[in-house]
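Everything below concerns the one structure shown next.
Residue numbers (the working numbering): 3 to 98.
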């Protein structure tokens with residue numbers, strides 16, 4: 003899902019940079035466990051922590067909350083970016 007429909011470019015870049023920085027700081031990609039998504043793994047706990055931190059940082063920076071879905075989507079997009087596997091967004095087939 004492309005979150006740019008809900009965020010302006012500054013907000014989008016802020017969250018991407020925030021998530022990439024925090025994931026590097028926490029060495030999230032180096033965890034030696036599978037992604038369980040059950041809420042109990044170390045990965046799940048760190049993911050929830052970073053998303054909550056990002057929500058607060060976003061409000062502090064922009065003075066308003068963002069839709070909750072953008073935090074989850076950009077968290078995982080930042081993971082892909084750090085892993086060098088970010089999918090390229092497709093533009094229109096023809097420019098008019």
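Beta carbons: idealized from backbone N, C-alpha and C, even for Gly.
Outcome for residue i when other beta-carbon atoms lying within 10 angstroms are tallied against a minimum of 16
i, result
"residue 24", "buried"
"residue 51", "exposed"
"residue 20", "buried"
"residue 30", "buried"
"residue 2", "The displayed coordinates of the chain run from 3 to 98. Any statement about residue 2 would go beyond what the structure contains."
Pair within 7 Å by beta-carbon distance, residue i and residue j
i, j, result
"residue 77", "residue 53", "yes"
"residue 84", "residue 22", "yes"
"residue 48", "residue 28", "yes"
"residue 14", "residue 6", "yes"
"residue 33", "residue 45", "yes"
Cβ-Cβ separation, residue j to residue i (assumed contact under 8 Å), whole Å
i, j, result
"residue 68", "residue 8", "7 Å"
Cβ-heavy atom distance, residue i to the ligand NAD, below 6 Å
i, result
"residue 56", "The ligand NAD is not part of this structure, which contains no ligands at all."
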